[in-house]
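Written out below as structure tokens is the structure these notes cover.
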Amino acid sequence: MPAKKGQKFKHYPESVKVEAVRLFMEEGWCCRKITEHLDINDRKRVSVWVRKYRAKGKDSFQDRRGDPHRSETEQERELRRLQLEVDVLKKWLQILNREG
1 MPAKKGQKFK HYPESVKVEA VRLFMEEGWC CRKITEHLDI NDRKRVSVWV RKYRAKGKDS
61 FQDRRGDPHR SETEQERELR RLQLEVDVLK KWLQILNREG
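This is how it looks when you write it as structure tokens:
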């Protein structure tokens, strides 16, 4: 269902998602009972969480809002730092050449 203008979506913490999946898979609860028990607005949401859990495990529930989809590697950080250092040294060289 598409979002309506100005509509806010409810965010569920990882712990709620994991508990919903546990109740479904280990305890055999139905989605309706889980949504009532955990105060989840949409019954389909539990099915989506179960599908994600089966595909990627618990890691699929980590909050990635505001985070890049992949973290920067140590080499990428070092490369960025060295590029900045080179830029600063080039500026200094320009300044020294103008004065001398």
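Numbering (full-length UniProt numbering), first residue to last: 1 to 100.
Even glycine gets a Cβ: it sits at the ideal position worked out from N, Cα and C.
Rounded C-alpha distance that separates residue i from residue j
i, j, result
"Arg81", "Gln7", "41 Å"
"Val46", "Asp63", "17 Å"
"Glu14", "Lys4", "25 Å"
"Ile34", "Arg54", "18 Å"
"Tyr12", "Thr73", "29 Å"
C-beta contact flag for residue i and residue j at 9 Å
i, j, result
"His37", "Trp49", "no"
"Arg43", "Arg32", "yes"
"Asn41", "Lys90", "no"
Residue i - DSSP class collapsed to helix/strand/coil
i, result
"Arg64", "coil"
"Phe24", "helix"
"Cys31", "helix"
"His11", "coil"
"Ile95", "helix"
"Lys5", "coil"
Option in the options with minimal Cα separation from residue i
i, options, result
"Lys52", "Val88, Met25, Asn41", "Met25"
"Val18", "Lys58, Gln94, Asp87, Asn41", "Lys58"
"residue 101", "Glu27, Val86, Val16", "This structure does not reach residue 101, given that the chain is present from 1 up to 100, and the question cannot be answered."
Cβ-based neighbour list, residue i, same chain, cut-off 7 Å, excluding 5 preceding and 5 following
i, result
"Arg98", "none"
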